[in-house]
Amino acid sequence: MTQINKPPAKVSLISRNSKHHRIGISVSSIVQESDDKYRSFIENLPVLFYAVEPKPPFSPIYISPAFERFGYPLDEWRTDPEIWLRVIHQDDKDWVFKATTASTKTGKAADYEFRIVALDGSIHWVRDRGCLIRDENNNVVLREGVMLDITDRKLAEEELRLSELRYRNLFENANDIVYVHDLEGNYNSINQAAERVFGYSREEALQMNIRQIAAPEHLKLALNKLNGKIAGAGQTSYEMDCIAKDGHRVTLEINSSAVYNDGVATAVQGIARDITERKTAEGKLQSSEAELRAVFAAMTDVIVVLDRKGRYLKIASTNSSLLYKPAGELLGKTLHEVFPKAKADFFLSNIRKALTNRKSIRMEYDLDINGENFWFAGIISPMMKDSVILVARDITESQLAEEALKISEERYRDLFENANDLIYTHDLEGNFTSLNHAGEVITGYSHSEALTMKISQVVAPEFLETAREMTARKIAGEHTSAYELEIISKLGDRVSLELSTRLIHQNGVPVGVQGIGRDITERKRAEDRLRYNALHDALTDLPNRAEFMNRLRQAITRKQNGGAGRFAVLFLDLDRFKIINDSLGHVVGDKLLVSIARRLKSCIRPNDVVARLGGDEFTILLNPTGDPLDVIGVAERLQFKLSESFKIDNYEVFTTASVGIIVSDEVERQPEDYLRDADAAMYRAKESGKARYEIFNSEMHVRNMNLLRVETDLRRAVERGEFEVLYQPIVKLETGLVEEFEALIRWRHPVHGLVCPDEFIGVAEETGLIIPIGRWILEESCRQIAEWQSRFPFAVSISVNLSTKQLMHPSLISEVKNILEQTGLDPSQLKLEVTESTVMEHGERSLNVLAALDALGISLSTDDFGTGYSSLSYLQRFPFNRLKIDRSFIDRMDKDVKSGSIVKTILMLGENLGIEVVAEGIETHRQLESLLSLGCTYGQGFLFSKPVNARAAEQLLHTAADAFGVKRPMRLLSLVTEPSEIQQIQ
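Rendered as structure tokens:
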């Protein structure tokens, strides 16, 4: 742009609100009018005046000569349109330009500080105050302003900031307490040391007064010091106790002085050092000195001071009876003047060693005093000026005791090493401290090996707690008798020991245990064999009746105490054993019983019990058994195993067994009662044809036994194909056209006939049989609908229910894919229904599964809507395409206003969410008309058709094809259809 040195005529360069306008001076107008006096005045001021373009890069229009202080020539300032881009500091450039631009837009005056880089690279701080200049049309024509060089002020501010920072660091990091309080004693400032010592936070302390800190007995002192400062006293030092936040006392050494403002004291500042530990130490030192004087006065030791030559210098009056001679006769004499030469040489030699090495020398010696022999333990310690102090204690009694102990230990060692029983000792941590020769033989470990081991490494794991308990009881002072435990030798053999133990004391304190153990391994083996034989069958080695009854009694007790679940008793009797035994002989019969025993054991778990009661009768205790099906499974497994042939000598023998079962319940029974009831059930099995099982049945157990049979029959029904799929049409209400079928399962029981789902679906869910049943329904219905679609061109889809366990089964997605691939059914022709409760119960897991099904192109429907959670949030989160109104609402909609309102609400909800709605259980024309009036699109119920088998459903498809042609789905019912016509169609 063209640069001008003077602003346009008739333009005021100073806004009307500016100070310049008020005083009637305009920089530009002064320049413009070429008034020499004012021009000279303005251009010689140290203030920097400027006028620039109102928009970036704010090219100069007028620049005062003062700008040359930055080193750039005035011509360069006035001719370079981008001068500001070069001179403003890099870190300030962006915000200055943005702020100035914003000021231009808002019309507000600018006032800010930034840095300018001089030509020589030095940094200058300036304060810029600028405003906008407008023409007579109120258009902004330029920006004019004043800059002040504030570099010196900025440097002073920075120096002040650093000074304050240094003071603050010193204040905060001082080890001593630094504080300031006013003349009333209210704290104004404290440092971190004060927070640490007193425990009050800074915020808490600044709300407190010196009266709250000072110890009560020192409060008067604190107030006197405070009054002294008010009166003008100089710096003072004193000690004072204060109370910390947690209540403990703190002793402070305080130096304080007044803070003056215009010669008047306004506050008190001080430095306080925590001398609590020092004062405590001084108190302890004084106490210790007093105690030392008392101890010294009560000592019975001999204390003497001798020089290098052995001359007595001092003798303490502690126990004069133990001095070799009276103290008056000893002082000033040398050792050689008092003692025989050998004894004097002994003492003098130790004195010189102590002085030479500057270390204490310990020694023991004996002296004959007044006809008695005394033993002393002495310590010679070096002192200053070539002297030593000798402290000697009478150890005559302990010396005699040591001699007696040595003799006793020799006798004990002889007994210890030559005893036939194991003798050992260990400390309270269980570390062996000794082991005799017999112990080495029994354990296999040498004495040196044992000393590196713990008792826990030798004692058998199951007896370790017993050993610890017996030791603990000994330490507690209880009397304990001998006890038995097992150890494991170095070779891995188990050794039974009969142990007796005692505590080892030292100075009255237990420090270890001594034990004596007798090897009773052979005796225990003999006892175990006798006990085992008494409880086991000699032929089969199975538990006998007595042991079985014991185990059964234990199971009953555990169940009564709530410690275990149900258990079951099985009673087996071989069906043809008498014939085999009579024809082939008792030897073959016995061998057959042994083989049967092996097979029975192979069919049960390690914790279960199989026993032989006698003859050809066996019993089994299954404990625990959580599922009645497990019991039946065991019975079937037993019968299958026993039905296989036995190779006995040269014979191939066949036999079967009749089995009676009783499962524990809440009825209180004795072991004999269980055996009786199982026996009765076994006889019922024999009466029913043998080679089968029967479960004990009484009026009290009818329900449970029926449940067992249903479970058993269901398992067989899956294998035998006793299930059948029925199909119920889902109709488009307005046209009467069948859009799809819903697949419903029925069980054609070989004995009880047609069984409705309500009677077995719950059992199937509980036992997990719903998985194979559900898989079969899905496969069969998809196969059937695919077949019909191949024969009838109009598309009729299928709707199948999914149970909770099916939905949560990990292989559901892969199974659905496989069924669709195998049957060739288009995924869009399959609808899967789940209940609200199923979806909500499993949350995210069910969401993931439904999303995967939705990704396959399968439609999803929520069944029984309105009876469960009925949450709008789950309709939004889960990929449902359809809602099914529960039949309970349809049934009552014409009788109950609330039910009708609920149906209407659900229909509106489905419409608003774009979800299909199907009404279930439509049975009357009135219900149909009501639903149509509410805008319901789809429905199903007995009004249209009951569930029918595949043949009847196919007939409906044939009828529809003949009546309406092959290009459209069948019409099942129109609004004018009479009940007789409905019956005819059904």
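The opening residue of the sequence shown carries number 356 in the working numbering; numbering runs sequentially from there.
Every residue, glycine too, gets a C-beta built ideally from N, C-alpha and C.
Nearest-angstrom Cα separation, counted from residue j out to residue i
i, j, result
"residue 428", "residue 512", "30 Å"
"residue 776", "residue 874", "7 Å"
"residue 1032", "residue 924", "9 Å"
"residue 617", "residue 545", "24 Å"
"residue 639", "residue 626", "27 Å"
"residue 824", "residue 843", "19 Å"
"residue 621", "residue 516", "25 Å"
"residue 1350", "residue 1232", "Residue coverage of the chain in this structure runs from 356 to 1341, which leaves residue 1350 outside it and unanswerable."
"residue 1200", "residue 1169", "16 Å"
"residue 1279", "residue 1289", "16 Å"
"residue 1296", "residue 1082", "12 Å"
"residue 444", "residue 473", "9 Å"
"residue 497", "residue 411", "11 Å"
"residue 1129", "residue 1139", "15 Å"
"residue 820", "residue 814", "10 Å"
"residue 482", "residue 440", "17 Å"
"residue 1000", "residue 807", "59 Å"
"residue 687", "residue 725", "22 Å"
"residue 1151", "residue 921", "50 Å"
"residue 1173", "residue 1115", "27 Å"
Own chain residues within Cβ distance below 6 Å of residue i, not counting five before or after
i, result
"residue 423", "429"
"residue 475", "426"
"residue 658", "671, 673 and 746"
"residue 709", "716, 735, 737 and 743"
"residue 810", "781 and 785"
Close beta carbons around residue i, own chain, < 7 Å, minus the five adjacent residues each side
i, result
"residue 1212", "1182 and 1183"
"residue 634", "606"
"residue 1164", "1126"
"residue 1026", "904, 907, 908 and 911"
"residue 1291", "1088, 1262, 1272 and 1274"
Residue burial classification, residue i (beta-carbon count within 10 angstroms, cutoff 16)
i, result
"residue 717", "exposed"
"residue 1193", "buried"
"residue 562", "exposed"
"residue 508", "exposed"
"residue 1009", "exposed"
"residue 499", "buried"
"residue 1124", "buried"
"residue 973", "buried"
"residue 713", "exposed"
"residue 450", "exposed"
"residue 755", "exposed"
Cutoff 8 Å; reference residue i; Cβ partners in own chain excluding five residues on either side
i, result
"residue 1209", "1215 and 1234"
"residue 665", "689, 690, 691, 699, 702, 703 and 706"
Reduced DSSP category for residue i - H, G, I as helix; E, B as strand; rest coil
i, result
"residue 541", "strand"
"residue 1037", "helix"
"residue 1249", "coil"
"residue 1051", "coil"
"residue 696", "helix"
"residue 688", "coil"
"residue 846", "coil"
"residue 594", "strand"
"residue 1043", "coil"
"residue 770", "helix"
"residue 388", "At residue 388, the pLDDT of 47 sits below 50, so the modelled position is not reliable and the matter cannot be decided from this model."
"residue 888", "helix"
"residue 961", "coil"
Give, in chain order, every unbroken run of the alpha helix (DSSP H) that is at least 4 residues long and sits entirely within the stretch 893-936. Contiguous alpha helix (DSSP H) elements confined to the stretch 893-936 occur at 900-915, taking only those with 4 or more residues.
Minimum length 4: unbroken alpha helix (DSSP H) runs contained in the stretch 1213-1301: 1227-1232, 1242-1247, 1252-1268 and 1280-1288
Residue ranges of each alpha helix (DSSP H) within the stretch 412-439, 4 or longer: You should have 429-434.
For the stretch 505-575, which segments carrying the beta strand (DSSP E) assignment without a break, of at least 3 residues, lie completely within its bounds, in sequence order? For the stretch 505-575, whole beta strand (DSSP E) runs of length 3 or above, ordered along the chain, are 532-537 and 542-545.
Could I get the ranges of all uninterrupted beta strand (DSSP E) runs contained in the stretch 705-756, with 3 residues as the minimum, in chain order? 716-724, 727-737 and 742-749
Jot down the residue ranges of each uninterrupted beta strand (DSSP E) in the stretch 1048-1136, minimum 3 residues, whole runs only, in chain order. 1048-1050, 1078-1087, 1092-1104 and 1108-1110
Counting only runs that start and end within the stretch 1134-1172, where is the beta strand (DSSP E) found for 3 or more residues in a row? 1152-1156
Taking only runs that begin and end inside the stretch 450-515, name each unbroken beta strand (DSSP E) of 3 or more residues, in chain order. 465-472, 478-489 and 495-504
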